[in-house]
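*Asks:* Residue 32 in my numbering sits at position 10 of the sequence shown, with consecutive numbering throughout.
Beta carbons: idealized from backbone N, C-alpha and C, even for Gly.
Starting off with a structure, shown below.
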Amino acid sequence: MSVNDKLNRRQLLIGASAGALGIGAAALSPITALAADSAGVVGTWDVQITDLSTPGGPATFEGVTTFAPGGVVVSMDSNGPSTGIGSWAKKPGHAFVGRFIQFGFDPQGTSKVVVSVSGKMSEEDSIAGTFTYKVYDLKGHVIFGDGNGTFTGKRFSAA
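Given below as C-alpha cells:
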C-alpha cells in the first residue's frame, strides 16, 4: 500500500465519519429536549452510518446528530476526527436536507470534508437517508470527490 493509498483511505474514513449526518453531537439543551415531542426532525438522533465508498467494502459505524431550531446541525461519529457543523432545512413530506463541514488532521496536513445529506423522518422517532461527501485540502483542491452512503437513526430522548 503506497503513501497515497493510505492518504486516500484515511481521507475516505474522515469523509465517512463526516457522514454521520448524516450525518455529530451537541449537548442536549432545553430547547432540544422540549422540541423532541412535536418538532419533526429537531432534536438529537442516535445514527448508524454506512459509508459505501470505503476500500474493501461498506463500513458501518455509530454517530450522533443534532438538528437545532433555526437550521443548525451538529454531527459527530465514532470514526471521525472532529465535529461537523452546518445547516439543515425542512422539505415537504417530513423530508430534510443539510450540509456540514468537518475537518481532518494528519501528518500531511489538514483536510476539509463537506457532507450533503438528504433524509426523511419515516416515523415519529425514526429517520433514514443518504449522504455524499467530498474531501478538500485547505486550498480548495478536491482530494476525494465520490464519497456516498446511507444512514438510519432513532431519536435520542432525555429520558
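(1) Would you mind sorting T132 into buried or exposed? The rule is 16 or more other CB atoms within 10 Å of its CB.
(2) Thinking C-beta only, is S100 closer than 7 Å to F89?
(3) Could you tell me whether the Cβ atoms of V137 and Y155 are closer together than 7 Å?
(4) Quick check: the Cα distance between H116 and E146, rounded to an integer number of angstroms?
(5) Report the partner residues of V164 according to the DSSP bridge assignment.
(6) To the nearest angstrom, how far is it from the Cα of S104 to the Cα of L160?
(7) Count the other CB atoms, across all protein chains shown, that sit within 10 Å of the CB of G3; report buried if there are 16 or more and exposed otherwise.
(8) Could you give the uninterrupted runs of the beta strand (DSSP E) lying entirely in the stretch 63-130, keeping only those of 3 residues or more?
(9) Based on the DSSP output, what are the partners of E145 in its beta bridges?
(10) What does the Cβ neighbour count give for D168, buried or exposed, with the cut at 16 atoms within 10 Å?
(11) Which partner residues of S179 appear in the DSSP bridge assignment?
*Replies:* Straight from the coordinates:
(1) The residue you call residue 132 lines up with position 110 of the sequence shown. So T132 counts as exposed.
(2) For the purposes of this step, residue 89 is taken as the residue at position 67 of the sequence shown. For the purposes of this step, residue 100 is taken as the residue at position 78 of the sequence shown. No, Cβ-Cβ distance for F89 and S100 is not below 7 Å.
(3) Translated into the one-based positions of the sequence shown, residue 137 becomes position 115. Translated into the one-based positions of the sequence shown, residue 155 becomes position 133. Taking 7 Å as the Cβ cut-off, V137 and Y155 qualify as a contacting pair.
(4) The residue labelled residue 116 in the question sits at position 94 within the sequence shown. The residue labelled residue 146 in the question sits at position 124 within the sequence shown. Rounded to whole angstroms, H116 to E146 spans 10 Å at the Cα level.
(5) As a working note, residue 164 is residue 142 in the sequence shown. Looking at the DSSP assignment, V164 forms a beta bridge with Y158.
(6) For the purposes of this step, residue 104 is taken as residue 82 along the sequence shown, with counting starting at 1. For the purposes of this step, residue 160 is taken as residue 138 along the sequence shown, with counting starting at 1. Computed Cα separation, rounded: 15 Å.
(7) There is simply no residue 3 to check, as the chain begins at 23 and stops at 181 in what is shown.
(8) 65-73, 81-90, 94-99, 106-113, 117-128
(9) Within the sequence shown, residue 145 is the residue found at index 123, counting from 1. S148, per the DSSP bridge assignment.
(10) Taking the sequence shown and counting its residues from 1, the one referred to as residue 168 is at position 146. Looking at its Cβ environment, which holds fewer than 16 other Cβ atoms inside 10 Å, D168 is exposed.
(11) Taking the first residue of the sequence shown as 1, we reach residue 179 at position 157. Per DSSP, none; premise fails for S179.
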